[in-house]
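Here the structure is laid out as structure tokens; the discussion comes afterwards.
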Amino acid sequence: MEARRLKYLLDNIKKLDFDEQEELNNWYQSFDKKPDDTHLMALRKNPIPTQDRIYKKILTEIKGRAKARKMWSYGIAASVACILSIGVFLLINKQYNKPQINEVAAGMGEQKYLKLEDGTEIWLNAQSKIMFPIAFSDTEREVSLSGEAYFKVEKDSTKPFRVVTDNLTTSVLGTEFNVNAYKNQDFVSVALVEGSVRLRAGDMVSLLGPGQKGSLKKETSSFNIEQFDVTDEMGWMRGELIFNGVSLGEIAKRLKRSFGIEIEFAKKGYATYEFTGKFKDEELSIILTAIARAHELKFRTVGDQKIEFYK
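Mind the numbering: the sequence shown is residues 1 to 311 in full-length UniProt numbering, read in order.
Below, the structure written as structure tokens:
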């Protein structure tokens, strides 16, 4: 290995990707083929956690040399071995204590159900993703969500359950609630069905009771609590599309998640028009027709998987 490449790997050992780690490991395994002092000099400057093999190599390299050189080299070897011992312990401890993470995602127009090891049940809406450890720690249960999901959390008073999104963290002990946290919308909301939850966004902390919905505006960080209709809020779990005074711009995002189509507006102002309606297992054309008629609009196909509203 070239000296410049070796120096780079050693100087950046904590940042190496998998392939670079393999390259460095292969270099270590080549010790027996390279009797010069290159490896020893590098190790003196950048000790690496491969204790037994490297330490034995150091002893082999210095055996039979002048006594003064030998005493000095043994001192270096002992120092390297000591540092390597600490490195090996920290590395192994970090690797074995780092939880293994699972990831489950629901694609366009689909929903998924999963049950965690603690008994908690989760329903994922379309184009949503959740990440969670294979086994929770002894002190907490934490998952990360992007998109929308309904949680039925198994009660455990000793281990709080947390749902982390980009803007809001929801903490519970055992309850049922819905989290809506798609990245392409301007709000995050939590709707509580049973029990109680604590919401945290930066310095803001709020408690919700059954039947309450907390919404956080991403741009202004303003927070609002209101009552909600459980039937409408959870309509997506029954395959329903429910719009109550929703802007056409927001409806366009929901239809994209359900049908995979892009919706454009000939004039930006059309996106602010609001629409109220409920659909279950309806074809896209029926939904688009209802929206267009409500505002005396028309729609047309303008490209592959793209619809435009116009007048």
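Idealized CB from N, CA, C, for every residue including glycine.
Could you check where the alpha helix (DSSP H) with residue i kicks off and where it finishes?
i      : result
Ser285 : Leu284 to Ala294
Look up residue i in the DSSP assignment and say whether it is helix, strand or coil.
i      : result
Phe259 : helix
Met204 : strand
Ala106 : strand
Glu140 : coil
Gln134 : Per the sequence shown, residue 134 should be read as Ile rather than Gln. Here Ile134 sits in coil by DSSP.
Asn12  : coil
Ala271 : helix
Glu154 : coil
Ala66  : Any reading at Ala66 needs caution, since the residue's pLDDT is 43, under 50, leaving its predicted position unreliable; the model's value is listed next. DSSP places Ala66 in coil when its eight states are reduced to three.
Asp304 : coil
Leu6   : helix
Write down the C-beta distance between residue i and residue j rounded to the nearest angstrom, noting that I regard them as a contact closer than 8 Å.
i      : j      : result
Lys218 : Phe187 : 6 Å
Ile251 : Lys306 : Their Cβ separation, rounded to whole angstroms, is 15 Å, which puts Ile251 and Lys306 out of contact at 8 Å.
Arg200 : Thr175 : 16 Å between Cβ atoms; not a contact.
Ser189 : Ser206 : Contact doesn't hold; Cβ gap of about 12 Å is too wide.
From the DSSP output, read off the bridge partner residues of residue i.
i      : result
Phe309 : Phe265 and Phe299
Asn125 : For Asn125, which the question treats as bridged, DSSP gives no partner whatsoever.
Asn180 : Glu148 and Ser189
Arg162 : Glu142 and Ser171
Leu199 : Thr170 and Ser206
Terminal residues of the continuous beta strand (DSSP E) containing residue i?
i      : result
Gly277 : Glu274 to Lys280
Lys112 : Lys112 to Lys115
Ala191 : Phe187 to Glu194
Thr169 : Thr169 to Val172
Write down every uninterrupted run of the beta strand (DSSP E) in the segment 212-263 whose length is 3 residues or greater and which is fully enclosed by it, in chain order. Runs of the beta strand (DSSP E) lying entirely within the segment 212-263 and spanning at least 3 residues, in chain order: 212-217, 223-227 and 240-247.
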